[in-house]
Amino acid sequence: MSSELTKRIYQIVQDIPYGKVATYGQIARLAGNPRAARAVGFAMRRAPDSLCLPCHRVIFQDGSLCTGFAFGDPQIQRQMLKKEGVTFDDQDRVRLDRHRYIPEPGGMPDGNPSL
DNA sequence: GTTATGACGACCG
DNA sequence: CCGGTCGCCATAA
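Mapping of the first sequence onto my numbering: residues 73 to 187, in sequence order.
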């Protein structure tokens, strides 16, 4: 069965609030493996419906969506996010700077999020 | 146990 | 800016 890492991924994705989005890389990072971005994608596909994972809130680090697969149609995910209040730029990319999911909002005073 | 694939990300040209 | 390639991790065959 899924390794601890994968289970961690499910928990993180499930913890993504409404109107927010997270990238595969960030999820992998939160899961403990910053390089497991691909594993995250794999986990999403393997994710059981029982968990009701908001995989539509999981996007690329670039802010682009996983067009070509979606839930049947590539535009579905984009519309779902828009419906949640997520905004897109002229390039159909999510404004991560505005909808980036932050597990620990500390509000770095110096603006040094150690990214 | 090894090889191949993928809903990624970073790097190079 | 865009396209192609390599690398990393986990799962399937």
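Each residue gets a CB set at the ideal place from its N, CA and C atoms; glycine is no exception.
Computed from a predicted structure; not experimentally measured.
Out of the options, point me to the one whose CA is closest to residue i's CA.
i: R117; options: Y90, C138, Q98, R172; result: C138
i: G135; options: Q86, L153, P177; result: L153
i: I131; options: C124, R80, P175, I88; result: I88
i: K79; options: F114, A94, Q163; result: F114
Excluding the 5 residues flanking residue i on each side, which residues of the same chain have their C-beta closer than 8 Å to its C-beta?
i: L77; result: A103, G104, N105, A108, A111
i: R170; result: T159
i: A119; result: Y82, V85, L125, C127
i: D161; result: G135, R167
Sorted by chain position, which residues of the same chain lie with C-beta nearer than 6 Å to residue i's C-beta, five sequence neighbours on each side aside?
i: T159; result: R167
Looking only at its chain, what residues have a beta carbon closer than 7 Å to the beta carbon of residue i, apart from the 5 residues adjacent to it on each side?
i: I99; result: I81, I84, V85, V112, V130
i: S186; result: Below a pLDDT of 50, predicted positions are generally treated as unreliable, and S186, at 44, falls in that range; the measurement from the model is reported next regardless. Within the same chain, S186 has no close Cβ partners at all.
Just to confirm, are residue i and residue j a CB contact at a threshold of 9 Å?
i: Q133; j: Y96; result: yes
i: E156; j: Y90; result: yes
Next item on the list: Could you tell me whether the segment 104-114 touches the segment 147-154, where touching means 3 or more Cβ pairs closer than 8 Å?
Entry: no
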